[in-house]
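Undergrad: By my numbering, the letter at position 161 of the sequence shown is numbered 149, and the numbering carries on one by one without gaps.
Below you'll find the structure I mean.
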Amino acid sequence: MTSTDHGPEVVSAPIRDAATVVLVRDSADGIEVFLQRRVKQMAFAGGMTVFPGGGVDKRDAGAHVAWTGPQAAWWAEQFNTDDELAQALVCAAVRETFEECGVLLATTADGSFADPGALADDRQQLVEKSLSFAEFLTARGLTLRADLLSPLAHWITPVNEKRRYDTRFFLAAMPEGQQADAETTEAEVARWVNARVAIDVWADGKHFLMPPTWAQLHYVSGFPSVDELLAAERSVECILPNTTPGAGLAGLGFPGSDEYFRTLGDQTPPEITL
-11 MTSTDHGPEV VSAPIRDAAT VVLVRDSADG IEVFLQRRVK QMAFAGGMTV FPGGGVDKRD
49 AGAHVAWTGP QAAWWAEQFN TDDELAQALV CAAVRETFEE CGVLLATTAD GSFADPGALA
109 DDRQQLVEKS LSFAEFLTAR GLTLRADLLS PLAHWITPVN EKRRYDTRFF LAAMPEGQQA
169 DAETTEAEVA RWVNARVAID VWADGKHFLM PPTWAQLHYV SGFPSVDELL AAERSVECIL
229 PNTTPGAGLA GLGFPGSDEY FRTLGDQTPP EITL
């Protein structure tokens, strides 16, 4: 884990566990990712371009969940955590993808994907937290498809931020027959973007990427197809950026930070046009 530099003692904010999903699909020009521009009023990362994601719901940690694919113990090993949190993280990854873009990585008893459009009321209840994801799956007879997710990365928000998250990044291919939408109050714009183009547009100052988002886009853009991306071997290491007191964004240090800041230049978070 990358740790903070020596300096004045910083009283850091509490850390919340979270999951983010890099949803990908093939196109004629390379891999596309589903990105959202968060509304500026959001308390965390307002106005930034991000992947779908959010905090875990502890109600899902020990709940019985119909599950296909690697079990919680396997995910715990990949993300260096315990089994209960690992289950909650996988549930959060699938739930947040459904809540924020209407894509549901869960199947019915016959193995077919559920129709997200027929579950609009459930989606809203999940957003409102009046329904847990485990309760939703059970009530609808759905099986969570952990086999459609892959571990990708692990970042912790720097100690100098007012809101901090311990975020595990998951990778998922867009299921056939489903459509990602923009039906969320958390995003002003949501659409598919070529991974390399997303980085180039950021370099031109037309939208803003936080380091973890930039890092995942940079990684994804190095593969010619989704199949090759999913087949690649990865070792997930926790990244906690170094901080330089009083230096703000420019004081962060993380793997690839030299390239990030070289490309960023003297930009500050601009008016977003993505």
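Backbone N, C-alpha and C fix where the C-beta goes; we use that ideal spot for every residue, glycine too.
Nothing here was measured: the structure is a model prediction, and the numbers come from that model.
Where does serine 100 fall in DSSP's three states?
TA: coil
Undergrad: To the nearest angstrom, report how far apart aspartate 169 and aspartate 71 are at their CA atoms.
TA: 32 Å
Undergrad: Identify, in the order they occur along the chain, each residue of the same chain with its Cβ nearer than 8 Å to the Cβ of glycine 165, setting aside the five sequence neighbours on each side.
TA: Phe101
Undergrad: Would the beta-carbon of aspartate 154 fall within 9 Å of that of alanine 6?
TA: yes
Undergrad: Using the three-state DSSP reduction, which class does arginine 222 fall into: helix, strand or coil?
TA: coil
Undergrad: Can you tell me where the beta strand (DSSP E) with arginine 156 in it begins and where it stops?
TA: 152 to 161
Undergrad: Put proline 229 into one of helix, strand or coil per three-state DSSP.
TA: coil
Undergrad: Quick check: glycine 57 and leucine 140, are their CB atoms within less than 9 Å of each other?
TA: no
Undergrad: Just to confirm the assignment, what range does the beta strand (DSSP E) spanning arginine 47 have?
TA: No beta strand (DSSP E) contains arginine 47, which DSSP labels as neither H nor E.
Undergrad: Among Thr173, Asn148, Ile19, His142, which one has its Cα closest to the Cα of phenylalanine 158?
TA: Ranking the options by Cα distance to phenylalanine 158, first place goes to His142.
Undergrad: Could you have a look at serine 213 and say whether DSSP puts it in helix, strand or coil?
TA: In this structure, serine 213 counts as coil in the three-state DSSP scheme.
Undergrad: Please work out which residues of its chain come closer than 6 Å, Cβ to Cβ, to glutamate 149, disregarding the five sequence neighbours upstream and downstream, and give them in chain order.
TA: Around glutamate 149: no qualifying Cβ.
Undergrad: Going by beta-carbon coordinates alone, are threonine 251 and glycine 241 separated by less than 9 Å?
TA: no
Undergrad: Rounded to the nearest angstrom, how far is the Cβ of valine 12 from that of isoleucine 19, given a contact under 8 Å?
TA: 5 Å
Undergrad: DSSP three-state label for serine 245, please.
TA: helix
Undergrad: Sorted by chain position, which residues of the same chain lie with C-beta nearer than 6 Å to alanine 60's C-beta, five sequence neighbours on each side aside?
TA: Asp71, Ala74, Gln75
Undergrad: Identify every residue that forms a DSSP beta bridge with glutamate 20.
TA: Arg13, Asn182
Undergrad: If you run the structure through DSSP and keep just helix, strand and coil, what is threonine 8?
TA: For threonine 8, the three-state secondary structure derived from DSSP is strand.
Undergrad: Pull the bridge partners of histidine 195 from the DSSP assignment, please.
TA: Its beta-bridge partners do not exist; DSSP assigns none.
Undergrad: Counting Cβ pairs, one atom from each stretch, are 3 or more of them under 8 Å apart for the region 195 to 214 and the region 113 to 123?
TA: no
Undergrad: Take the Cβ of alanine 31 as the centre, count every other Cβ of all protein chains shown within 10 Å, and call the residue buried at 16 or more, exposed below.
TA: Note that alanine 31 has pLDDT 45, beneath the 50 cutoff, so the model's placement of it is unreliable and the number below is only indicative. By the 10 Å Cβ count, alanine 31 comes out exposed.
Undergrad: Please determine, among Leu93, Asp188, Leu125, the residue with the shortest C-alpha to C-alpha distance to alanine 160.
TA: Leu93
Undergrad: If I follow the unbroken beta strand (DSSP E) through alanine 141, where does it start and stop?
TA: 137 to 144
Undergrad: In or out: proline 229 buried (at least 16 other Cβ within 10 Å) or exposed?
TA: buried
Undergrad: Considering only residues of the same chain and omitting the five flanking positions on each side of tyrosine 264, which have a CB-CB separation below 7 Å?
TA: Residue 264 is absent from the model: the chain starts at -11 and stops at 262.
Undergrad: What are the boundary residues of the beta strand (DSSP E) that threonine 126 is part of?
TA: First-last for threonine 126: 121 to 128, but that is the alpha helix (DSSP H), not the beta strand (DSSP E).
Undergrad: Using the Cα positions of proline 104 and valine 82, report the straight-line distance between them to the nearest angstrom.
TA: For the pair proline 104 and valine 82, the Cα-to-Cα distance works out to about 12 Å.
Undergrad: Using the Cβ count rule (16 or more neighbours within 10 Å means buried), how would you classify glycine 129?
TA: exposed
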